[in-house]
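Enquirer:
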Amino acid sequence: MISSIFLDRRLSLVMAQQAELRELAMFARLSDKAEYAVQALALRQAELADEITRLADMAARGKRRSNRQEVAA
1 MISSIFLDRR LSLVMAQQAE LRELAMFARL SDKAEYAVQA LALRQAELAD
51 EITRLADMAA RGKRRSNRQE VAA
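So the sequence shown is numbered by full-length UniProt numbering: it starts at 1 and just counts up by one.
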């Protein structure tokens, strides 16, 4: 089963990455090279969405496994 400590650490990293995205979005608005900043922002958002999906999948698998163990007991 996935540990809550692992999920807490990963979620903390996701929150930090979201803060970086906010900074990148601000830079995109102020930059002369806005098109590059927007492309970087889109890429980072996609990566972050993938990470959130992976964490949700891991948590769901852990919960299902835990539920099966409870039923078996």
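Glycine residues also receive a C-beta, built at the ideal position from the N, C-alpha and C atoms. Quick caveat: nothing in here was measured; it's all calculated off a predicted structure.
1) Round the Cβ separation of L21 and R44 to the nearest angstrom and send it over; I've been treating them as touching at under 8 Å.
2) Which of the three DSSP states, helix, strand or coil, is assigned to D32?
3) Mind checking whether L41 and Q18 have CB atoms under 8 Å apart?
Expert: Looking at the coordinates:
1) Translated into positions along the sequence shown, residue 21 becomes position 21. Translated into positions along the sequence shown, residue 44 becomes position 44. L21 to R44, Cβ: 6 Å. Contact.
2) As a first step, residue 32 must be located in the sequence shown, where it is residue number 32. Coil.
3) As a first step, residue 41 is located in the sequence shown; it is residue number 41 there, counting from the start. As a first step, residue 18 is located in the sequence shown; it is residue number 18 there, counting from the start. No, the Cβ-Cβ distance between L41 and Q18 is not below 8 Å.
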